[in-house]
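Working notes, structure below.
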Amino acid sequence: MATDNGGNNTTSEPEMSDSLKTFGAVLKALRDEAGLTQEEFAPQVRYSAAYIAKIEQGRRFPPRDLIGRSEGVLGPTAARVLAAAARSLTRKAGLASWFRQWAGIEEEAVSLYAYESSVVPGLLQPEPYIREIFERRLPPLTEEQFENQVAARLARQQLLTERPNTTFSFIIEQALLERRFGGVDVTKALYDHLLEQGCHRNVEIQVMPLRQEDHSGFEGPMYLAETADNRWVGYVEAHDASMLITDPKSVSAMLQRYGKMRSQALGRQATTSLIEQMRGAL
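Numbering (my numbering), first residue to last: 6 to 287.
Structure follows, in structure tokens:
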């Protein structure tokens with residue numbers, strides 16, 4: 006087993022992103038040049054003024070469609086400038102130091118597997134769910150830390166659509182969906198999001214039933230990634246520490262466990278039916 010450089014670092018302090026600040030400053034300059042206030046600009050690009058303010062402050066990762074929507078408001082030249090600024094953005098901004106190595110592997114993986122028993126995998130969390138998680142972090146986050154971490158997690162989720170040739174497989178314990186973490190509205194958003202993401206042909210979501218006598222996931226959550234050169238690596242984390250697993254025998258054992266769990270969990274169609282049924286019961 007190999008521990009990443011941040012594996013023994015128990016801090017979850019995110020780094021500020023100069024690229025996010027730069028993008029925000031460029032957007033503000035272009036908006037000012039067009040003679041528009043945030044309150045005037047925001048509805049024209051179909052976002053709230055508060056959301057635009059956070060992007061300009063470098064506290065939110067800009068959504069993918071912001072540049073396209075801005076072109077009709079700021080003009081094609083401004084849109085090209087924004088696109089150039091966007092190319093310098095890093096989705097790792099705001100990620101905890103102990104997580105960054107795995108985040109880099111995620112971005113290049115040709116296959117990515119995840120099993121979770123404590124929280125819905127980050128790549129599948131809708132924004133309301135993400136915010137509820139970070140609201141409960143201890144010690145509490147500052148407002149700036151909070152927004153940076155939310156933005157970073159939302160940015161990571163673009164992998165699901167940006168990498169259509171990557172196979173994503175998720176196994177989630179049914180108990181996580183039954184818990185109603187964050188309340189009914191957050192749970193409804195979670196169900197809707199899972200149903201939406203499960204429609205992508207490269208994304209498979211399976212629920213592990215509450216009652217499953219033959220369950221191979223008793224050793225806890227785990228992540229597996231197949232690299233571009235077709236090597237597999239594993240990843241586990243707990244309490245703001247992580248471990249990157251590269252030993253072939255250890256990774257092979259993880260792959261065997263994951264394969265067994267895929268056969269024990271509900272299939273794709275049965276999972277969709279269960280989530281739809283749970284949503285209807287809210």
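Glycine included, C-beta positions come from ideal geometry on N, C-alpha and C.
A quick note: this is a predicted structure, and the numbers were derived from the prediction, not measured.
Check whether the Cβ atoms of residue i and residue j lie closer than 7 Å to each other.
i, j, result
"Gln217", "Gln269", "yes"
"Pro131", "Ala55", "no"
"Ile210", "Tyr120", "no"
"Gln49", "Val78", "yes"
"Glu76", "Ala84", "yes"
"Ser221", "Arg267", "no"
"Arg238", "Leu279", "For the record, residue 238 in the displayed sequence is Val; it is not Arg. For Val238 and Leu279, no; Cβs fall outside 7 Å."
"Val191", "Glu137", "yes"
"Thr171", "Val115", "yes"
"Pro169", "Asn207", "yes"
Residues in its own chain within less than 6 Å of residue i by CB, not counting five upstream and five downstream?
i, result
"Arg158", "Gly127 and Ile135"
"Glu112", "none"
"Ser174", "Tyr118 and Glu209"
"Ile288", "Outside the shown range of the chain (6 to 287) lies residue 288, about which nothing can therefore be said."
With a 10 Å radius around its C-beta and 16 neighbouring C-beta atoms as the bar for buried, classify residue i as buried or exposed.
i, result
"Leu271", "buried"
"Arg92", "exposed"
"Gly225", "exposed"
"Asn365", "The structure shown has nothing for residue 365, since the chain only spans 6 to 287."
"Phe223", "exposed"
"Ala275", "exposed"
"Glu231", "buried"
"Leu287", "exposed"
"Ser257", "exposed"
"Ser247", "buried"
"Arg36", "buried"
"Ala156", "buried"
"Met21", "Residue placement at Met21 is poorly supported in this model, since its pLDDT is 44, which falls under 50; the coordinates still yield a value, given next. Met21 comes out exposed."
"Pro81", "exposed"
"Gln282", "exposed"
I'd like the list of long-range same chain contacts for residue i, defined as Cβ closer than 7 Å, with 5 residues on each side in sequence excluded.
i, result
"Phe151", "Phe139"
"Glu149", "Arg64"
"Leu74", "As written in the sequence, residue 74 is Arg, which differs from the Leu given in the question. Counting only Cβ-Cβ distances below 7 Å, and skipping sequence neighbours, we find Val50 and Arg51."
"Thr277", "Leu200 and Gly203"
"Phe46", "Arg36, Ile57 and Val78"
Among residues of its own chain, excluding the 5 on either side of residue i, which ones have a beta-carbon nearer than 8 Å to its beta-carbon?
i, result
"Asp197", "Pro131 and Arg284"
"Ile292", "Given that the chain is displayed from residue 6 to residue 287, the structure contains no residue 292 and the question cannot be resolved."
"Gln179", "Val212, Met213, Pro214, Leu215 and Leu279"
"Asp219", "Gln269"
"Leu181", "Glu121, Ser122, Ser123, Val124 and Val125"
"Ala39", "Phe46, Val78, Leu79, Gly80 and Ala83"
Looking at the ligand FMN, does it come within less than 6 Å of residue i, judged from the CB to the closest heavy atom?
i, result
"Arg64", "Inclusion of the ligand FMN in the displayed structure is not the case, the ligand content being empty and no account of it being possible."
Is the region 122 to 140 touching the region 153 to 169, taking contact as three or more C-beta pairs under 8 Å? yes
Does the region 138 to 149 come close enough to the region 189 to 202 to have 3 or more Cβ pairs within less than 8 Å? no
Could I get the ranges of all uninterrupted beta strand (DSSP E) runs contained in the region 107 to 174, with 3 residues as the minimum, in chain order? Fully enclosed beta strand (DSSP E) runs of 3 or longer: 116 to 121.
At least 3 beta-carbon pairs within less than 8 Å: the region 28 to 38 vs the region 57 to 70: yes
Jot down the residue ranges of each uninterrupted beta strand (DSSP E) in the region 174 to 254, minimum 3 residues, whole runs only, in chain order. 208 to 213, 227 to 231, 237 to 243 and 246 to 250
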